[in-house]
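S.K.: The listed protein sequences derive, respectively, from chains A and B.
Here the first sequence is numbered in this note's numbering, starting from 385 and rising by one per residue.
Here the second sequence is numbered in this note's numbering, starting from 15 and rising by one per residue.
All C-beta atoms in this analysis are idealised placements derived from N, C-alpha and C, irrespective of residue type, glycine included.
This structure is in structure tokens; I'll ask about it shortly.
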Amino acid sequence: MTEPLLHIDNLHVHFNTSDGIVKAINGASLTLNKGEVVGLVGESGSGKSVTAMSVLGLVPKPPAIYPEGKILWKGIDLLTTPERDLREIRGGEISMIFQDPMTSLNPVYTIGHQISEMIRVHQRVSVKQAKQQAIEMLELVGVPNPHQRVDDYPHQFSGGMRQRAMIAMALSCNPELLIADEPTTALDVTIQAQIIEILEKLARERDVAILLITHDLGVVAGVCDRISVMYGGRIVEEASVDEIFKKPLMPYTWGLMKSIPQMSSGARKKLYTIPGSPPTPRQMIDGCTFAPRCEFAIDKCFTDAPTLENYGKGRAARCHRLSEPDFARKLS
Amino acid sequence: MSNLLSASGLVKRFPIQRGIFKRTVGHVNAVSDITFDIAPGETLGLVGESGCGKSTTARMLMRLIEPTAGSVTFNGVNLNSLSREEMRKMRKDIQIVFQDPYASLNPRMTIRQIIAEPLLVHGMSESDLDPRVDEIMELCGLAQEFGNRYPHEFSGGQRQRVGIARALITRPKLVVLDEPVSALDVSVQAQILNLLDDLKTKFDLSYLFVAHDLSVISHISDRVAVMYLGKIVEIGSRKDIFENAKHPYTQALLSAVPLADPDAERIRKTNRIVLSGEVPSPVDPPSGCRFRTRCWKAQSKCETEEPTLVAHGSLSTSCHYPN
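And the structure:
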């Protein structure tokens, strides 16, 4: 088997704060192969953004510390790579787009300037060539009249257009991996459909691997090959998109799926609810992070943290009760 | 059947002012001639993309924003003819829950004070407050010991429960819910939707539920109104809208929603309607049909003639070429 493009292995991220150590991530493992689209799903505070930012070395150290784990990019551990080499990879081989395109673009430079700057950092091209490339990139992501709009400032772009400009910038150096952190959350549903279409086209035609971070299970269902679910700083389940939606193994994934209202005109049912709210990273939980909200929790769940066990066909889940032979049947 | 609330011909134009003399250089046509009714015990879902005027409409119902034209009749009373004092009394019967539970609660008041405030405004003596506050806190799933804490100690979901308790303590007949769950996590959203459902039955409430999420709208609404650029383009029962929508915008909107079901998504993807372009500016909306610039069915008639809502059975659609 070929080496995976990105392999995050048992990542731990802690933050040193004035109130003591905050354990934001306590065991995140994730593998991405070439051209694959993987969804990282979780609620606010689950640690999905910190995981993504860690890949690019964008989490400031201090306060962040990495007591355990590796982030292997084509076999090189990015956590120990010096900043100078990291800068080559960041933006070149791995790019990222953020949720809020307004705050990630510089308001005092034109869109074209910002895209060409990125190109010129990574490639030996003239200003003119870089601008030409920027226009091509804008065209690729569906910005109308790219020749004129390349000289616009971010405030002249609408939300959807700004996100396109961000994607154009992220793709300008032909990255092998694109990390998209909630790329459509700030957008309206008809614009979201356009952006998702672009991302899918990229994955298919340019063979870019995408790590799609989102809280929206609908978005991942349509786009991703595989899904990892994060909760309380840990990956709690991973599986192919078909299997996880048909038969979730971990009670959290199961509850999450049952609690989404379905778009239908059929008879109305009460929604399933997971009681309580997600833990904040400050809360120290000894056992399973989901145990306080889990209707299936047993005593052991509150004292021992379960490990991520494999269940065949690329499936893994973190739950004590899965060792019981008929437990999986209860989650239906 | 008489309506609890009727909005008729509501218009809101916000002036755009420039320069030191605040000269008016144009208008934002936020809401342009909107008419709808809400029956007692009914939930009307108001759905649309950002900037379509749904929140402005919601606020005009309570006169938190004064309409430029049109009127709102509530329980037979024309709200726009009331004095400020009379309107204040009327708000006992129409309450609102806001989107952002972080911005809508006063950080310097305790939860109990926040929830009791509307009763004090409406002249209840402090000694009578406690049982009412206790009752509503319990119904909204807030433990008694939370009463003396401050909003910052609570999660988004709990704060939204406080916002709902504050709205319901005056025993209103109509509650305007302006994106009440869009700031919440998925697992918490379901709790709040179920709570709203229970409270509606318990207090015999009517809701105007404003949201951009069609799944949430389909879950909670009895009837649905779809807005685009300041106008209602289609209004009908939940079944009409989600099964037989005739307006191309409604069809595109429904088709754009990603479903949490990989099999269904594969089928939908092949015939998904992806609208090109973006919503035009409400400062200078397109002539004729406002949706024509993004509509794949647009003809020359759509440019010259503005369509009006035409009833097809219980569904009303504002389109020259409905299907």
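Which of helix, strand or coil does DSSP assign to A:I682?
M.R.: Here residue 682 of chain A refers to the residue found at position 298 when the first sequence is read from its first residue. Residue state, collapsed to three classes: coil.
S.K.: Starting from A:M486, trace the alpha helix (DSSP H) in both directions and tell me its first and last residue.
M.R.: As a working note, residue 486 of chain A is residue 102 in the first sequence. Taken as a continuous stretch (DSSP letters only), the alpha helix (DSSP H) holding A:M486 covers 485 to 488.
S.K.: Mind checking B:V247: buried by the 16 CB within 10 Å criterion, or exposed?
M.R.: Here residue 247 of chain B corresponds to residue number 233 of the second sequence, with the count starting at 1. B:V247 is buried by the Cβ-count criterion.
S.K.: Quick one: is A:T657 near chain B, going by C-beta distance under 7 Å?
M.R.: Taking the first sequence and counting its residues from 1, one reaches residue 657 of chain A at position 273. Yes - at least one Cβ of chain B is within 7 Å of the one on A:T657.
S.K.: Using a Cβ-Cβ cutoff of less than 6 Å, which residues in the same chain neighbour A:L456 once the five nearest sequence positions on both sides are dropped?
M.R.: Here residue 456 of chain A refers to the residue found at position 72 of the first sequence. Closer than 6 Å at the Cβ level, and outside the excluded window around A:L456, lie H391.
S.K.: Using a Cβ-Cβ distance under 7 Å, would A:V573 count as near chain B?
M.R.: Here the question's residue 573 of chain A lines up with position 189 in the first sequence. So yes, A:V573 belongs to the interface.
S.K.: Hey, A:P676 and A:A408: beta-carbon distance below 7 Å or not?
M.R.: In the first sequence, counting from the first residue as 1, residue 676 of chain A sits at position 292. In the first sequence, counting from the first residue as 1, residue 408 of chain A sits at position 24. Not a contact, by the Cβ cut-off of 7 Å.
S.K.: Residues in the segment 107 to 124 of chain B with C-beta within 7 Å of chain A's C-beta atoms, listed in sequence order?
M.R.: Going along the segment 107 to 124 of chain B in chain order, one finds no residue with a Cβ nearer than 7 Å to chain A.
S.K.: Tell me whether B:L188 sits in a helix, a strand or coil according to DSSP, three-state version.
M.R.: Position 174 of the second sequence, counted from the start, is the residue given in the question as residue 188 of chain B. Three-state result, B:L188: strand.
S.K.: For A:E708, report the span of its beta strand (DSSP E) as first-last.
M.R.: In the first sequence, counting from the first residue as 1, residue 708 of chain A sits at position 324. Where A:E708 is concerned, there is no enclosing beta strand (DSSP E), given that its DSSP letter is neither H nor E.
S.K.: So that I know if they touch, is there some Cβ in chain A lying closer than 7 Å to that of B:Q158?
M.R.: Position 144 of the second sequence, counting from 1, holds the residue named residue 158 of chain B. B:Q158 does not count as touching chain A.
S.K.: Measure the alpha-carbon distance for A:Q498 versus B:G291 and round it to whole angstroms.
M.R.: Indexing the first sequence from 1 puts residue 498 of chain A at position 114. Indexing the second sequence from 1 puts residue 291 of chain B at position 277. Using only the alpha carbons, I get a separation of about 23 Å.
S.K.: Helix, strand or coil, according to DSSP, for A:H398 in the structure here?
M.R.: What you label residue 398 of chain A is simply residue 14 of the first sequence in a count that begins at 1. If DSSP states are grouped into helix, strand and coil, A:H398 belongs with the strands.
S.K.: Does the count of Cβ pairs from the segment 179 to 193 of chain B and the segment 138 to 154 of chain B closer than 8 Å reach three?
M.R.: Touching, per the Cβ criterion.
S.K.: Any beta carbon from chain A within less than 7 Å of B:H233's own beta carbon?
M.R.: Your numbering for residue 233 of chain B matches position 219 in the second sequence. True, the Cβ-Cβ gap to chain A drops below 7 Å.
S.K.: Express the C-alpha separation of A:V607 and A:I580 in angstroms, rounding to a whole number.
M.R.: The residue given as residue 580 of chain A occupies position 196 in the first sequence. The residue given as residue 607 of chain A occupies position 223 in the first sequence. Cα to Cα, the separation comes out at about 8 Å.
S.K.: Could you tell me how far apart the beta carbons of B:I234 and B:L267 are, in whole angstroms, since I believe they sit closer than 8 Å?
M.R.: The residue labelled residue 234 of chain B in the question sits at position 220 within the second sequence. The residue labelled residue 267 of chain B in the question sits at position 253 within the second sequence. Not quite, the Cβ-Cβ distance comes to about 17 Å (not below 8 Å), so this is no contact.
S.K.: In chain order, what residues of the segment 160 to 171 of chain B put their CB closer than 7 Å to some CB of chain A?
M.R.: Going along the segment 160 to 171 of chain B in chain order, one finds S169, G171 with a Cβ nearer than 7 Å to chain A.
S.K.: Take A:V527 and list the residues in its own chain whose beta-carbon comes closer than 8 Å to its own, dropping the five residues that flank it on each side.
M.R.: Taking the first residue of the first sequence as position 1, residue 527 of chain A is located at position 143. The answer, listed in chain order, is R533, M545, R548, A549, A552.
S.K.: Would you please verify whether the beta carbon of B:N43 is less than 7 Å from any beta carbon of chain A?
M.R.: Counting from 1 along the second sequence, the entry for residue 43 of chain B is found at position 29. With 7 Å as the cut-off, B:N43 does not count as an interface residue toward chain A.
S.K.: Thinking B:P296 and B:T307 are a contact (beta carbons under 8 Å), I'd like their distance in whole angstroms, please.
M.R.: Here residue 296 of chain B refers to the residue found at position 282 when the second sequence is read from its first residue. Here residue 307 of chain B refers to the residue found at position 293 when the second sequence is read from its first residue. About 13 Å; that fails the 8 Å criterion.
S.K.: Could you list which residues in chain B have their beta carbon closer than 7 Å to that of A:S649, in chain order?
M.R.: Looking up residue 649 of chain A in the first sequence gives position 265. Correct list: S232, R252, K253, F256, E257.
S.K.: Quick check on the DSSP output: the beta strand (DSSP E) that includes B:F88 runs from which residue to which?
M.R.: Walking along the second sequence from the start, residue 88 of chain B turns up at place 74. Where B:F88 is concerned, the enclosing beta strand (DSSP E) stretches over 83 to 88.
S.K.: Along the chain, where does the alpha helix (DSSP H) that runs through B:K106 open and close?
M.R.: Here residue 106 of chain B refers to the residue found at position 92 of the second sequence. Unbroken run through B:K106: none, as it is neither H nor E.
S.K.: Given A:V443, which residues of its chain have a CB within under 8 Å of its CB, disregarding the five upstream and five downstream residues?
M.R.: Here the question's residue 443 of chain A lines up with position 59 in the first sequence. Within the same chain, A:V443 has close Cβ partners V397, V434, M437.
S.K.: With burial defined as no fewer than 16 other Cβ atoms inside 10 Å of the residue's Cβ, what is the status of A:T673: buried or exposed?
M.R.: For the purposes of this step, residue 673 of chain A is taken as residue 289 along the first sequence, with counting starting at 1. That one is buried.
S.K.: List the residues of chain A whose Cβ lies closer than 8 Å to the Cβ of B:H226, in chain order.
M.R.: The residue given as residue 226 of chain B occupies position 212 in the second sequence. Here the neighbours are D572, V573.
S.K.: Along the alpha helix (DSSP H) that carries B:P29, what are the first and last residues, could you check?
M.R.: As a working mapping, residue 29 of chain B is identified with position 15 in the second sequence. B:P29 -> not in any alpha helix (DSSP H); beta strand (DSSP E) instead, spanning 19 to 32.
S.K.: Closer than 8 Å by C-beta to A:L633: which residues in its own chain qualify, once you throw out the five before and the five after it? Chain order, please.
M.R.: Within the first sequence, residue 633 of chain A is the residue found at index 249, counting from 1. The answer, listed in chain order, is E621, A623, Y695, R699, A701, C703, L706, A712, L715.
S.K.: Report back the beta-carbon spacing between B:H226 and B:G62 to the nearest angstrom; my notes put them in contact at under 8 Å.
M.R.: Reading the second sequence from its first residue, position 212 is the one you call residue 226 of chain B. Reading the second sequence from its first residue, position 48 is the one you call residue 62 of chain B. Sure, about 7 Å apart at Cβ, within 8 Å.
S.K.: Three or more beta-carbon pairs under 8 Å between the segment 484 to 501 of chain A and the segment 466 to 473 of chain A, yes or no?
M.R.: As far as the Cβ criterion goes, the segment 484 to 501 of chain A does not touch the segment 466 to 473 of chain A, which means the pair count is below three.
S.K.: Would you decide whether B:V39 is buried or exposed? Buried here means 16 or more other CB atoms lie within 10 Å of its CB.
M.R.: To locate residue 39 of chain B, count along the second sequence from 1; it is residue 25. By the neighbour-count rule (16 or more Cβ atoms within 10 Å), B:V39 is not buried but exposed.
S.K.: Are A:M502 and A:S556 close, meaning C-beta to C-beta below 7 Å?
M.R.: As a working mapping, residue 502 of chain A is identified with position 118 in the first sequence. As a working mapping, residue 556 of chain A is identified with position 172 in the first sequence. Yes, they are a contact pair.
S.K.: At least one CB of chain A closer than 7 Å to the CB of B:V271: is that the case?
M.R.: As a first step, residue 271 of chain B must be located in the second sequence, where it is residue number 257. Judged by the 7 Å Cβ criterion, B:V271 is in contact with chain A.
S.K.: Could you confirm whether any beta carbon from chain A is found closer than 7 Å to the beta carbon of B:V288?
M.R.: If you number the second sequence from 1, residue 288 of chain B lands on position 274. By this cut-off, B:V288 is an interface position.
S.K.: Let me confirm a value: A:M521 is counted as buried when at least 16 other C-beta atoms fall within 10 Å, else exposed. Which label applies?
M.R.: On the first sequence, position 137 is the one that residue 521 of chain A refers to. Buried, by the Cβ-count rule.
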